[in-house]
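Q: This structure is in structure tokens; I'll ask about it shortly.
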């Protein structure tokens, strides 16, 4: 006995803890459960078990018990412990119904005890007991009734009785009872139900019965959601259910078989049922194709919900790929499926995505290509996106990069570009898959059509109106069906007449669509109306009879529209006992109206409507009956005029099945014309086309034929090789299954040699022959053949041999000599060998080389037999540095690869020792001051050399970095200065030798302009141009000068001297002209700004002529383009200099345009106009600088312009 018992609370709900001491010693603890047993509902005869994990120090002992009974029988109760997982298991093999009880698990140590309870429910399966045991235990119990209550109405496939012809699968009604109304049409189409009115009527009756059964156990049922799949490879269905008794048992079935489930959602079982308040959710984990089926949820013995779960058999041919997108750009994920799928599920960061403002979900016409477009990407959109089709899924990352050009605090404009896509030819892959599926579909359709033709030949055709309708006899006027003449109606409120097989009944009794008869007035007298009048339809020109039956013999009067009627004008009134009749011998439109019979205070009335049965014009009927013949892919149109009528219903049929608008079928109904259009006809569209016009008075039909012709299908394979020899190959095939609607005329045979791509036509044979002999073959050569069938519409697809066919038998060569190692390196091993001694009399066309890595047994071929190595040497580049290999050689002749040679000696892939040498180094480098300087030198050496850098034969400064890698050394100066100009020397030294190389580095900048320019004439006709030196002349020994000249005659600047290292230059001049000079300083970075000279010479406006007359000379002229703009395609980030030359007097005004927008005042463009030389400079071109540039020069005398195109390359 424990003196103290303190109740404690566990972190695990449902666990009760009793602590036996007030204070626990340090490092000790009472028992507790980290995993408690889970309640279990299991079928009788299965293995039931509970699992638990406990903790405590010292280690607690575990005991099990039950409320009603003991667990001492080891054959029925087994307690186990797994020390690896620390799991305690309590097992009950072959569990029976008497073991259903409340079980307890105790964990005890010296400091306390933990206890948890768990419920075991056992589903009793009485049908498994023996017959004798059943009779002994319950001789008076109806076991079939008990079994029916405990099992689903949908039986497992193994227990389903064979259904009679026309009998519906019970699964149909179970699915309909829980389905939405919008899904009725799809479900009926799936099970082949076409009578919707009958289906709805019976379904309503079954719903009432089911609701009465459910009312015994549930208060309310709502929010039924069908089974659907999720991105984590799970599926679930849910419903809201309010149970009358919370302890009612819930059962789950799949295809009629009970399945086990757990209420622990995080448990290990595949099926689980989660209950949150009134909401129940059933989950399936780890979906497999076998999980498809009909799932049902029952409460006790009443079905509550059924859902048909289908897993489409589809896979991804092309999965979605990672997408990198810029901010405000659209991102695209694309995939290709193996089978058409109307809609796949898209998920973004584990959340389902739907069509909307943010996402576009697109599906190709063939439903194979699926696309997700994420519009206007932001940084928050990055993450993992996935596509789910059935139980297959794929995922990829979306990476969104921020726009670096965006101004801080401002949102950039949305980009019109799209990023992503799979990067493969999706259309081509989808088209190939579509053609493959179409081929399979055509084969299935051909088999179905063949089965239908066999069935139709064996059984008589049924009428479209059902078993109760009579067949409409065909007319002799080209495929029309004439309406039958109905007999006269009988009295008593019943009718035996009809217009045609499809016409409703006339007379006293209404059809299903007729209005119910009006009840007679009840006056309380003994006599009354036993059967009154009802609304009827009468055919014009045909007799009609109205009948009223009374309870007793009495007189009565007939009225029409309130006027009394007598026996005259084609009407007769008669009485036969208590039956009163009004007969109209030949109905006319005037006979239509409200008829009433009055007998005393009793009366009954009914409307009579007179009309005509629809009919076709004979000429239109003759035209319609002619067959419509079209080719595959063309449209076929049927049209039929008719006379407009009220309540006219028009239907089209193909091979007896009704054709509805949608898909490739278009039905257009006009006031007096109906048109049926088949788009893109297939061969399977061939059949009988029928139009039916129907109104309340009857129906009429007209038939025609649709014939779709096409090129034939491929010959039926496989190709059978009848005989092969060294000089002949004979083959055989079967005719095509589909001749395309016209007979095959001949077969065409083509051939290509194995390993080649050129097909050659061998000839053709007539359609009655399906064999061919190829006598133009070479011994041991392999060939592929393909065979085409041809009819007047064209060639079929080819039937190709599955494997290459060899002429004769195979003769292989003997082994070549063992290969020898010519040279080795870490990336290549060169081999040589000798030809085979015995080539078996067949020439060697090449060799195959194989390698084997040390400590492995696998020989790997380095080239295929179809790509033989010519010659007796080969460079093996597929080697790993430091690994050892051996090689062998096989000779290849027309029969293939022969016996391999003995292997070579083992050789290691490494470089031979070599003295360092530099590869293509640059000896002079110029860099702008302030930019980073990088000097890269590649070298070869073995072993790796020690690298040393020197600057003017002195060690490098600390701020200069040297980066050495294998085969390359790099000198880096982050920000160069003029003082970094020097001769840099690299030295490489290893154990074999050393090498050095000098690089001259020049750090400079754009030169400053020269000083003032002076002009001096020393002799007649010559002027000396002199200038002060540029300030950079002393700093840069490579600086020189350029002199440019412009005279008043040409008004164009041109260079007259270049590479001047002095400060003077003598120029030849002409009298009567003005001269201007410019001097530039130039170095490796480019030109400086110019220094301008003063004007030299006198510009005279008058010229003397003949020594006596004086003539005025005017220089005014409109603008003109001397040198136009040129096309430029610079890379992105490079500088651009664009120039043109303009002339005009007075000096024209020059304006620059980009895409017709003025850019003269745009700070991104530096624009100058110096004496007609118009220049534009862009420091670093951007993508948006691309476009059409235009220069417009305008003065008072006119305008001139020129344009060019700038394309910025990425």
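Residue numbers (my numbering): 55 to 1264. Note that beta-carbon positions come from the ideal geometry of N, C-alpha and C, so glycine has one too.
(1) What distance in whole Å lies between the Cβ atoms of residue 1067 and residue 1146, which are believed to be in contact at a cut-off of 8 Å?
(2) Mark residue 607 as exposed unless 16 or more other C-beta atoms lie within 10 angstroms of its C-beta, in which case mark it buried.
(3) Between which residues of its own chain and residue 888 is the CB-CB distance below 8 Å, once the five residues before and five after are set aside?
(4) DSSP state of residue 1250, grouped into three classes?
(5) Any contact between the segment 377-388 and the segment 331-343? By contact I mean 3 or more CB pairs, one from each, below 8 Å.
(6) For residue 698, which residues from the same chain have a beta carbon less than 8 Å from its beta carbon, with the 5 sequence-adjacent residues on both sides left out?
(7) Going by CA-CA distance only, name the one from 273, 638, 279 and 751 that's closest to residue 300.
(8) Tell me which same chain residues have a C-beta within less than 8 Å of the C-beta of residue 923, skipping the five on either side of it?
(9) Can you tell which of 696, 737, 801 and 715 has the C-alpha that lies nearest to the C-alpha of residue 754?
(10) Kindly give me the distance between the Cβ atoms of residue 1049 and residue 972, rounded to whole angstroms, as I take these residues to be in contact under 8 Å.
(11) How far does the alpha helix (DSSP H) with residue 242 in it reach, from first residue to last?
(12) Which class does residue 1117 belong to by DSSP, given the choice of helix, strand or coil?
(13) May I have the straight-line CA-CA distance separating residue 24 from residue 733, to the nearest angstrom?
(14) Reducing DSSP to helix, strand and coil, say where residue 1043 ends up.
(15) Report the CB separation of residue 1186 from residue 1258 in whole angstroms; it is logged as a contact under 8 Å.
(16) For the alpha helix (DSSP H) containing residue 676, name the first residue and the last one.
(17) Between the Cα of residue 1195 and those of 654, 1256 and 1176, spot the shortest distance and give me the residue it belongs to.
(18) Between residue 965 and residue 998, which are expected to be in contact by the criterion C-beta below 8 Å, what is the C-beta distance as a whole number of angstroms?
(19) Starting from the C-beta of residue 969, find all residues in its chain whose C-beta is less than 6 Å away, skip the five residues before and the five after it, and write them out in chain order.
(20) Quick check: the Cα distance between residue 136 and residue 105, rounded to an integer number of angstroms?
(21) Is the separation between the beta-carbon of residue 766 and that of residue 843 shorter than 8 Å?
(22) What residues in its chain sit with their C-beta under 6 Å from that of residue 709, if we drop five residues either side in the sequence?
(23) What's the C-alpha gap between residue 840 and residue 779?
(24) Confirm, please, whether the CB-CB distance from residue 292 to residue 284 is below 8 Å.
(25) On the DSSP bridge list, what partners appear for residue 272?
(26) Do three or more CB pairs link the segment 586-601 to the segment 663-671 at distances below 8 Å?
(27) Which residues mark the beginning and the end of the beta strand (DSSP E) in which residue 1206 is found?
(28) Could you have a look at residue 284 and say whether DSSP puts it in helix, strand or coil?
(29) Tell me the DSSP secondary structure of residue 1003 in three-state form.
(30) Return the CA-CA distance between residue 1065 and residue 1084, expressed in angstroms with no decimal places.
(31) Round the Cβ separation of residue 442 and residue 401 to the nearest angstrom and send it over; I've been treating them as touching at under 8 Å.
(32) So residue 684 packs on residue 735, CB below 8 Å; how close in whole Å?
(33) When you compare only the Cα positions, how much space is there between residue 1241 and residue 1184?
(34) Of all the options 119, 1051, 228 and 722, which has the alpha carbon lying nearest to the alpha carbon of residue 705?
(35) Leaving aside the five residues before and after residue 962 along the sequence, list all residues of the same chain whose C-beta is less than 6 Å from its C-beta, in chain order.
(36) My parser needs the alpha helix (DSSP H) runs of 4 or more residues fully inside the segment 685-732; what are they?
A: Here's the rundown:
(1) On the chain shown, position 1092 is the one that residue 1146 refers to. On the chain shown, position 1013 is the one that residue 1067 refers to. Rounded, the Cβ-Cβ distance is 7 Å, consistent with contact.
(2) Taking the first residue of the chain shown as 1, we reach residue 607 at position 553. Exposed: under 16 other Cβ atoms inside 10 Å.
(3) Sequence index remark: in the chain shown, residue 888 carries index 834 (1-based). The residues 870, 871 and 926, in chain order, have a CB closer than 8 Å to that of residue 888 in the same chain once the five nearest residues on each side in sequence are set aside.
(4) By 1-based counting over the chain shown, the position of residue 1250 is 1196. Annotated three-state conformation of residue 1250 is coil, per DSSP.
(5) no
(6) Along the chain shown, read from residue 1 onward, the residue named residue 698 stands at position 644. Excluding sequence neighbours, residue 698 sits near 725 and 726.
(7) Working through the chain shown from its first residue, we reach residue 300 at position 246. Selected option, being the one with the closest Cα: 273.
(8) Indexing the chain shown from 1 puts residue 923 at position 869. Closer than 8 Å at the Cβ level, and outside the excluded window around residue 923, lie 900, 901, 902, 903 and 917.
(9) The residue given as residue 754 occupies position 700 in the chain shown. Ranking 696, 737, 801 and 715 by Cα distance to residue 754 puts 696 first.
(10) Stepping through the chain shown from its first residue, residue 1049 is reached at position 995. Stepping through the chain shown from its first residue, residue 972 is reached at position 918. Between residue 1049 and residue 972 the beta-carbon gap is near 6 Å, inside 8 Å, which marks them as a contact.
(11) The residue given as residue 242 occupies position 188 in the chain shown. First-last of the alpha helix (DSSP H) with residue 242: 238-245.
(12) Here residue 1117 is taken as the residue at index 1063 of the chain shown, counted from 1. In the structure shown, residue 1117 sits in coil (DSSP, three-state: anything other than H, G, I, E or B).
(13) For residue 24 there is no data in the structure shown, the boundaries of the chain being 55 and 1264.
(14) The residue you call residue 1043 lines up with position 989 of the chain shown. Looking at residue 1043 - three-state DSSP - the assignment turns out to be strand.
(15) Position 1132 of the chain shown, counted from the first residue, corresponds to residue 1186. Position 1204 of the chain shown, counted from the first residue, corresponds to residue 1258. Residue 1186 to residue 1258, Cβ: 18 Å. No contact.
(16) Counted from its first residue, the chain shown places residue 676 at position 622. Element bounds for residue 676: 672-679.
(17) Within the chain shown, residue 1195 is the residue found at index 1141, counting from 1. The option with the nearest alpha carbon to residue 1195 is 1176.
(18) Your numbering for residue 965 matches position 911 in the chain shown. Your numbering for residue 998 matches position 944 in the chain shown. Cβ-Cβ separation between residue 965 and residue 998: approximately 10 Å, too far for a contact (criterion under 8 Å).
(19) If you number the chain shown from 1, residue 969 lands on position 915. 1046 and 1047.
(20) As a first step, residue 136 is located in the chain shown; it is residue number 82 there, counting from the start. As a first step, residue 105 is located in the chain shown; it is residue number 51 there, counting from the start. The straight-line gap from Cα to Cα measures roughly 11 Å.
(21) Stepping through the chain shown from its first residue, residue 766 is reached at position 712. Stepping through the chain shown from its first residue, residue 843 is reached at position 789. Result yes, Cβ atoms of residue 766 and residue 843 sit closer than 8 Å.
(22) Here residue 709 corresponds to residue number 655 of the chain shown, with the count starting at 1. In the same chain as residue 709, and ignoring 5 residues on each side of it, the C-beta atoms closer than 6 Å to its own belong to 741 and 742, in chain order.
(23) Residue 840 sits at position 786 when you count from the first residue of the chain shown. Residue 779 sits at position 725 when you count from the first residue of the chain shown. Roughly 19 Å between the two C-alpha positions.
(24) Residue mapping note: residue 284 aligns to position 230 of the chain shown, counting from 1. Residue mapping note: residue 292 aligns to position 238 of the chain shown, counting from 1. Cβ atoms of residue 284 and residue 292: not closer than 8 Å.
(25) For the purposes of this step, residue 272 is taken as residue 218 along the chain shown, with counting starting at 1. Partner(s): 297.
(26) Flag = yes, the segment 586-601 and the segment 663-671 touch.
(27) Here residue 1206 is taken as the residue at index 1152 of the chain shown, counted from 1. Residue 1206 -> beta strand (DSSP E) spans 1203-1208.
(28) Numbered from 1 along the chain shown, position 230 holds the residue referred to as residue 284. Three-state DSSP puts residue 284 in coil, outside helix and strand.
(29) Here the question's residue 1003 lines up with position 949 in the chain shown. Three-state result, residue 1003: strand.
(30) By 1-based counting over the chain shown, the position of residue 1065 is 1011. By 1-based counting over the chain shown, the position of residue 1084 is 1030. Spanning the two alpha carbons is a distance of roughly 6 Å.
(31) Numbered from 1 along the chain shown, position 388 holds the residue referred to as residue 442. Numbered from 1 along the chain shown, position 347 holds the residue referred to as residue 401. So it is a contact: roughly 7 Å between Cβ atoms.
(32) As a position in the chain shown, residue 684 is number 630, starting the count at 1. As a position in the chain shown, residue 735 is number 681, starting the count at 1. About 5 Å separates the two Cβ atoms, so the contact holds.
(33) Here residue 1241 is taken as the residue at index 1187 of the chain shown, counted from 1. Here residue 1184 is taken as the residue at index 1130 of the chain shown, counted from 1. Roughly 13 Å separates the two Cα atoms.
(34) Counted from its first residue, the chain shown places residue 705 at position 651. Among 119, 1051, 228 and 722, the Cα nearest to that of residue 705 belongs to 722.
(35) Within the chain shown, numbered from 1, the residue matching residue 962 stands at position 908. Residues of the same chain with a CB within less than 6 Å of the CB of residue 962, apart from the 5 flanking positions on each side, are 938 in chain order.
(36) none
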